Amino acid sequence: MKSLNWEHPFNKGSSSPKKKSFIETKERVRYSETDQMGVAHNKHYFEWFEIGRTEFCRKKGISYRDIEKKGYFLVVVESFCRYKKPLRYDEEFLIRVSLRQASPKKIIFDYKILSIQKKHMAAEGYTVHVATDQKAKVKPLPPEIFKKITPP
Numbered sequence: 087m088k089s090l091n092w093e094h095p096f097n098k099g100s101s102s103p104k105k106k107s108f109i110e111t112k113e114r115v116r117y118s119e120t121d122q123m124g125v126a127h128n129k130h131y132f133e134w135f136e137i138g139r140t141e142f143c144r145k146k147g148i149s150y151r152d153i154e155k156k157g158y159f160l161v162v163v164e165s166f167c168r169y170k171k172p173l174r175y176d177e178e179f180l181i182r183v184s185l186r187q188a189s190p191k192k193i194i195f196d197y198k199i200l201s202i203q204k205k206h207m208a209a210e211g212y213t214v215h216v217a218t219d220q221k222a223k224v225k226p227l228p229p230e231i232f233k234k235i236t237p238p
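Just so we're on the same page, this note's numbering is the position in the sequence shown counted from 1, plus 86.
This is the structure:
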């Protein structure tokens with residue numbers, strides 16, 4: 087699989103011409119999310135992706151609840167996570183979410199899980215979503231929803 091080519095997560099002064107905008111959400115590893123060694127279990131990264139994605143939409147001016155009230159769903163059809171370094175119990179981290187690609191029928195979100203204390207990337211990944219109606223038929227998002235999720 088092709089490696090995702092992201093800038094270093096703590097590099098503030100990037101000169102990249104294609105700088106992605108992102109939304110960050112701060113979290114902390116809970117005891118229930120760890121194994122016996124105090125390391126965050128791999129399944130929780132996908133839950134953290136969801137937390138970040140939900141906040142991404144909310145900060146863009148539309149909640150998942152609002153999307154669903156209008157009769158649309160963003161169904162996950164593919165997800166991927168590459169684990170880099172472990173997070174441990176009580177460690178604070180950032181969930182950084184950006185939009186890789188968006189069309190009215192398909193949206194791809196990119197994620198970085200970043201340790202605040204240790205200043206390293208713990209994981210990176212993506213999810214692919216297809217817009218559907220209440221009967222699970224692919225249906226394009228209406229312009230008023232699509233415009234809120236995508237950059238101007």
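Cβ coordinates follow ideal geometry from the N, Cα and C atoms, glycine included. Here the structure is a predicted model, which is why all the values come from computation and not from measurement.
In chain order, what residues of the same chain have a beta carbon less than 8 Å from the beta carbon of His215, not counting five sequence neighbours either side? Hits under 8 Å: Leu160, Val161, Val162, Val163, Lys192, Ile193, Ile194, Phe195.
Quick one: what's Phe108 bridged to in DSSP? Within the DSSP secondary-structure output, Phe108 pairs in a beta bridge with Ser184.
Counting C-beta neighbours from all protein chains within 10 Å, is the total for Val115 16 or more, i.e. buried, or is it exposed? By the 16-neighbour rule on beta-carbons within 10 angstroms, Val115 is buried.
Here's a check: name, in chain order, each residue in its chain whose Cβ is nearer than 7 Å to the Cβ of Asp176, leaving out the five neighbours to either side. Counting only residues of its own chain and dropping the five nearest sequence neighbours on each side, Asp176 has a CB closer than 7 Å to the CB of Arg114, Val115.
Short Cβ contact (8 Å threshold) for Thr120 with Leu180: In this structure, Leu180 does not lie closer than 8 Å to Thr120 by Cβ.
Whether Gly211 touches Arg174 by CB criterion (8 Å): No, these two residues do not count as a Cβ contact at 8 Å.
Cβ neighbour criterion (16 or more within 10 Å) applied to Tyr117: When all chains shown are included, Tyr117 counts as exposed.
Can you tell me the Cα-Cα spacing of Pro172 and Lys234, whole angstroms? Cα to Cα, the separation comes out at about 34 Å.
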